[in-house]
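Inspection log for the structure reproduced underneath, given as structure tokens.
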Amino acid sequence: AQSVTQPDIHITVSEGASLELRCNYPYGATPYLFWYVQSPGQGLQLLLKYFSGDTLVQGIKGFEAEFKRSQSSFNLRKPSVHWSDAAEYFCAVGLRGQLTFGSGTQLTVLP
Amino acid sequence: EPEVTQTPSHQVTQMGQEVILRCVPISNHLYFYWYRQILGQKVEFLVSFYNNEISEKSEIFDDQFSVERPDGSNFTLKIRSTKLEDSAMYFCASGSAGTAQETQYFGPGTRLLVL
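These protein sequence lines map, in sequence, to chains F and Z.
Just so we're aligned, residue 291 is where the first sequence starts under the numbering used here, counting upward by one.
Just so we're aligned, residue 2 is where the second sequence starts under the numbering used here, counting upward by one.
Quick look at the structure:
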């Protein structure tokens, strides 16, 4: 079965530091890619998505992600992390109207 | 901003009991979904629903599961005879297009615990 890989289970960064969360997908064709964030007790909130065109996409809360076909990657980045960014982040691929999620990366932000 | 709501937020039930999880999708959306997340595992697709029919379902969605849109606003997931392994967070989502590239909007989830 096709799957989305998030290699980092847990990442810890200091507030104000830059952040990169990794996501890889095994598909040959360009898929539809999403990043969602889940705060404790909350549902999944869409941060950004990529379908086609410019490979660098901007999202909410200052996040961006870059699609790299050669690396089958769609990594999420933020130049300066805020304490409120502490949450779990999920990469997902859209296929036939359903989302296939990675296993998630838990982000801890140190003061 | 419109949002997807789910009730109850938490449900505890005995093994073998029936449970119904409720969702109110965003009002102008036509495509509805259920996902689940077992503690410590990935969010997994269960089923998609459009025009009062199941569009897609995963292998998890066996005969113990059913979905229904009983009126113009609610979308329900029923588990007929719960098993211990059904304990999970269940997320409802809705969308306007049903395509691979559309944004699905998720509710806050219902945490189901089967004892």
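The beta carbon of each residue, even a glycine, is placed where N, CA and C say it ideally should be.
(Q) With distance defined between alpha-carbon atoms, name the residue in Z:L47, Z:D64 and Z:K43 nearest to V34 of chain Z. (A) A small fix is needed here, since residue 34 of chain Z is Tyr in this sequence, not Val. Ranking Z:L47, Z:D64 and Z:K43 by Cα distance to Y34 of chain Z puts Z:L47 first.
Q.
Is P164 of chain Z close to chain F? Criterion is C-beta to C-beta, closer than 9 Å.
A. Since the displayed chain Z opens at 2 and closes at 116, residue 164 of chain Z lies outside it and no answer follows.
Q) Between G405 of chain F and chain Z, is there a C-beta pair that is closer than 9 Å? A) What is shown of chain F runs 291 to 401, which leaves residue 405 of chain F out entirely.
Q) How should T111 of chain Z be labelled, buried or exposed, when 16 other C-beta atoms within 10 angstroms of its C-beta is the threshold for buried? A) buried
Q.
Between Z:Y32, Z:T83, Z:Q105 and Z:G73, which has its C-alpha nearest I13 of chain Z's C-alpha?
A. Note that residue 13 of chain Z is Val in the sequence shown here, rather than Ile. For V13 of chain Z, the nearest C-alpha among the options comes from Z:T83.
Q) Using the C-alpha atoms, what's the distance from K358 of chain F back to V44 of chain Z? A) 24 Å
Q. Using a Cβ-Cβ distance under 9 Å, would E54 of chain Z count as near chain F?
A. no
Q. Using a C-beta to C-beta distance shorter than 8 Å, which residues of chain Z count as neighbours of Q332 of chain F?
A. P109
Q: State the DSSP-derived secondary structure class of L47 of chain Z, mapped to helix, strand or coil.
A: strand
(Q) With H, G and I counted as helix, E and B as strand and the rest as coil, what does DSSP make of G394 of chain F? (A) coil
**Q.** Cα-Cα separation, E4 of chain Z to A307 of chain F
**A.** 32 Å
Q.
Ignoring anything shorter than 4 residues, give me the alpha helix (DSSP H) runs that lie fully in the segment 40-96 of chain Z, in order along the chain.
A. none
Q. Closest by CA to D344 of chain F, which one among F:L336, F:E354 and F:L337?
A. F:E354
Q | Closer than 9 Å at the beta carbon, the chain Z residues around T345 of chain F | A | Simply none; closest approach about 15 Å.
**Q.** Beta-bridge pairing of N365 of chain F - partner residues as DSSP gives them
**A.** F:E356
Q) Near S329 of chain F, which residues of its chain fall below 6 Å by C-beta distance, leaving aside the five closest residues on each side in sequence? A) A377
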